[in-house]
Amino acid sequence: MLHEPIVQVAPYLVIAEILQKEIDSGVYNIGEPLPSEAELSRRFKVNRYMIRHSLNFMNKKGVIRSFQGKGHYVCEKPMEIQYTITPAMCFTDVMLQLGCKPNAKLLKGEESLPPEPIAKMLRMAPDEMGIRLEILRYADGIPLAWNETWLPMKYFQNFLDKYTSFTSLYALLREEYQMQLKRIWSTFEASYPSSEEALHLQISPNTSLLHIASVMRDQDYRIIEYTSAKYRGDLCRVSIQFE
Numbered sequence: 004m005l006h007e008p009i010v011q012v013a014p015y016l017v018i019a020e021i022l023q024k025e026i027d028s029g030v031y032n033i034g035e036p037l038p039s040e041a042e043l044s045r046r047f048k049v050n051r052y053m054i055r056h057s058l059n060f061m062n063k064k065g066v067i068r069s070f071q072g073k074g075h076y077v078c079e080k081p082m083e084i085q086y087t088i089t090p091a092m093c094f095t096d097v098m099l100q101l102g103c104k105p106n107a108k109l110l111k112g113e114e115s116l117p118p119e120p121i122a123k124m125l126r127m128a129p130d131e132m133g134i135r136l137e138i139l140r141y142a143d144g145i146p147l148a149w150n151e152t153w154l155p156m157k158y159f160q161n162f163l164d165k166y167t168s169f170t171s172l173y174a175l176l177r178e179e180y181q182m183q184l185k186r187i188w189s190t191f192e193a194s195y196p197s198s199e200e201a202l203h204l205q206i207s208p209n210t211s212l213l214h215i216a217s218v219m220r221d222q223d224y225r226i227i228e229y230t231s232a233k234y235r236g237d238l239c240r241v242s243i244q245f246e
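To convert, take the position in the sequence shown, counting from 1, and add 3; that gives this note's numbering.
Printed below as a string of structure tokens:
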């Protein structure tokens with residue numbers, strides 16, 4: 004009988020997760036201090052280095068703020084994004100409408116054969132090459148979403164030689180390839196991050212993600228893009244706009 008492997012979560016993340024849940028439930032309110040490192044060390048029966056690692060992780064997430072000589076204090080969420088899905092709206096447009104500064108970091112770009120399900124969605128032949136992009140998207144400097152995007156290479160020859168970075172993929176496609184993209188369909192599901200995704204998004208592996216997979220076409224009804232986007236569930240809510 005096969006058993007699923009047991010995922011070992013680092014102790015500092017377990018502690019951070021417990022403290023996060025206590026903050027969310029009101030044990031510690033905004034503006035209030037957390038217990039001292041010494042108190043937390045006694046509570047969790049670990050050394051102060053481990054506690055400091057947990058608190059630094061929470062500080063990077065924007066959950067708490069540290070003040071020299073005063074300790075760590077609970078702060079407001081750095082943001083709460085109401086992300087709206089429309090046929091034509093893209094990440095950059097949504098962030099600008101919300102008053103946030105969007106940005107994107109191209110983590111990886113490669114030419115590759117897409118997996119069979121993705122090739123079918125993009126109406127690509129079995130031996131047809133695609134362009135795979137890993138993109139980390141930011142709002143006001145905070146990592147918000149991890150994207151895996153596939154494009155049929157036949158429409159974008161030498162794409163990776165020309166573009167190693169961009170702020171908005173759709174703006175690039177519009178300006179350089181005269182393509183106006185429109186959403187055909189999207190699916191939604193809850194998921195948890197891989198270790199790599201958690202690292203890039205600066206979250207615990209136990210933080211839920213909003214996973215949205217979408218297929219887009221251009222103005223000539225050619226299937227242009229498949230994207231798997233994973234949004235931070237602790238910062239993001241998603242709504243759908245039908246008109």
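Every residue gets a Cβ at the ideal spot worked out from N, C-alpha and C, and that includes glycine.
These figures come from a predicted structure and were not determined experimentally.
Among the candidates the options, whose CA atom is the shortest distance from the CA of residue i?
{"i": "Ile-227", "options": "Ile-54, Lys-157, Ile-88", "result": "Lys-157"}
{"i": "Pro-155", "options": "Thr-210, Phe-47, Ala-201, Arg-220", "result": "Arg-220"}
{"i": "Tyr-76", "options": "Leu-238, Lys-185, Pro-38", "result": "Pro-38"}
{"i": "Val-3", "options": "Tyr-173, Asp-27, Gln-100, Pro-129", "result": "Any property of residue 3 remains undetermined from this structure, which presents the chain solely from 4 to 246."}
{"i": "Arg-240", "options": "Glu-192, Val-218, Glu-200, Ser-231", "result": "Glu-192"}
{"i": "Pro-36", "options": "Lys-24, Ala-13, Arg-68, Gln-160", "result": "Arg-68"}
{"i": "Leu-238", "options": "Gln-205, Ile-187, Tyr-224", "result": "Gln-205"}
{"i": "Ala-13", "options": "Glu-42, Lys-48, Ser-57", "result": "Ser-57"}
{"i": "Gln-23", "options": "Tyr-234, Phe-60, Phe-245, Ile-187", "result": "Phe-60"}
{"i": "Phe-169", "options": "Ile-138, Ile-187, Trp-153", "result": "Ile-138"}
{"i": "Val-97", "options": "Gly-74, Met-53, Tyr-173, Gly-72", "result": "Tyr-173"}
{"i": "Trp-153", "options": "Thr-230, Asp-223, Gln-71", "result": "Thr-230"}
{"i": "Phe-245", "options": "Ala-201, Ile-187, Leu-202", "result": "Ile-187"}
{"i": "Glu-200", "options": "Asp-223, Glu-178, Tyr-224, Ala-232", "result": "Ala-232"}
{"i": "Ala-19", "options": "Met-124, Met-53, Ala-128", "result": "Met-53"}
Specify, as a first and last residue, the run of the beta strand (DSSP E) that residue i falls within.
{"i": "Asn-150", "result": "145-155"}
{"i": "Leu-109", "result": "105-115"}
{"i": "Arg-68", "result": "67-70"}
{"i": "Lys-185", "result": "185-194"}
{"i": "Ala-128", "result": "Ala-128 -> no beta strand (DSSP E), and no H or E assigned at all."}
{"i": "Ala-91", "result": "Ala-91 -> no beta strand (DSSP E), and no H or E assigned at all."}
{"i": "Glu-137", "result": "133-142"}
{"i": "Ser-231", "result": "226-235"}
{"i": "Ser-211", "result": "No beta strand (DSSP E) contains Ser-211, which DSSP labels as neither H nor E."}
{"i": "Ser-198", "result": "No beta strand (DSSP E) contains Ser-198, which is instead part of the alpha helix (DSSP H) from 198-204."}
{"i": "Cys-239", "result": "239-243"}
{"i": "Tyr-76", "result": "74-77"}
For residue i, which residues of its own chain have a beta-carbon under 7 Å away from its beta-carbon, when the five flanking residues on both sides are left out?
{"i": "Ser-198", "result": "Pro-208"}
{"i": "Pro-118", "result": "none"}
{"i": "Arg-126", "result": "Ile-226"}
{"i": "Ser-189", "result": "Ile-88, Ile-215, Ala-216, Ser-217"}
{"i": "Arg-55", "result": "Glu-40"}
{"i": "Lys-185", "result": "Pro-90, Ala-91, Met-219, Arg-220"}
{"i": "Tyr-31", "result": "Glu-25, Leu-37, Val-77"}
{"i": "Asn-50", "result": "Ser-44"}
{"i": "Val-10", "result": "Its pLDDT being 47, under 50, Val-10 is placed unreliably by the model, and the measurement read from it follows with that caveat. Counting only Cβ-Cβ distances below 7 Å, and skipping sequence neighbours, we find nothing."}
{"i": "Ile-243", "result": "Ile-88"}
Output yes or no for whether 9 Å exceeds the beta carbon distance between residue i and residue j.
{"i": "Ile-252", "j": "Glu-83", "result": "For the chain, the structure presents residues 4 to 246; residue 252 sits outside this window and is missing."}
{"i": "Ala-142", "j": "Cys-103", "result": "yes"}
{"i": "Pro-105", "j": "Ser-171", "result": "yes"}
{"i": "Leu-101", "j": "Gln-85", "result": "yes"}
Kindly list the residues whose CB is nearer than 6 Å to the CB of residue i, restricted to its own chain and excluding five residues on each side of it in sequence; keep chain order.
{"i": "Leu-176", "result": "Met-182"}
{"i": "Leu-16", "result": "Ser-207"}
{"i": "Tyr-234", "result": "Ala-148, Leu-213"}
{"i": "Gly-236", "result": "Ser-211, Leu-212, Leu-213"}
Mind checking which residues open and close the alpha helix (DSSP H) that includes residue i?
{"i": "Ile-26", "result": "14-27"}
{"i": "Thr-95", "result": "94-100"}
{"i": "Met-182", "result": "No alpha helix (DSSP H) contains Met-182, which DSSP labels as neither H nor E."}
{"i": "Met-61", "result": "51-64"}
{"i": "Ser-44", "result": "40-47"}
{"i": "Phe-162", "result": "162-165"}
What do you reckon, is the C-beta of residue i under 8 Å from a heavy atom of the ligand MG?
{"i": "Arg-235", "result": "As far as ligands go, the structure on display features none, and thus does not contain the ligand MG."}
In its own chain, which residues sit with a C-beta less than 8 Å from the C-beta of residue i, not counting the 5 before and 5 after it?
{"i": "Phe-261", "result": "There is simply no residue 261 to check, as the chain begins at 4 and stops at 246 in what is shown."}
{"i": "Lys-63", "result": "Gln-205"}
{"i": "Gly-144", "result": "Lys-104, Asn-106"}
{"i": "Arg-46", "result": "Pro-38"}
{"i": "His-203", "result": "Leu-110, Leu-139, Pro-146, Trp-149"}
{"i": "Ser-73", "result": "The question names Ser, yet the displayed sequence has Lys at residue 73. So the list reads Pro-36, once near-sequence residues are dropped."}
Measuring CB atoms only, is the region 209-219 touching the region 188-198, in the sense that at least three cross pairs come out at less than 8 Å? Contact between the region 209-219 and the region 188-198 is established, with three or more Cβ pairs separated by less than 8 Å.
Cβ contact check for the region 98-116 and the region 138-151: 3 or more pairs under 8 Å: Judged by pairs of C-beta atoms under 8 Å, the region 98-116 touches the region 138-151, as three or more such pairs exist.
Count the C-beta pairs between the region 125-133 and the region 161-172 that are closer than 8 Å, then say yes if the count reaches three, no if not. At 8 Å Cβ cutoff, the stretches do not touch.
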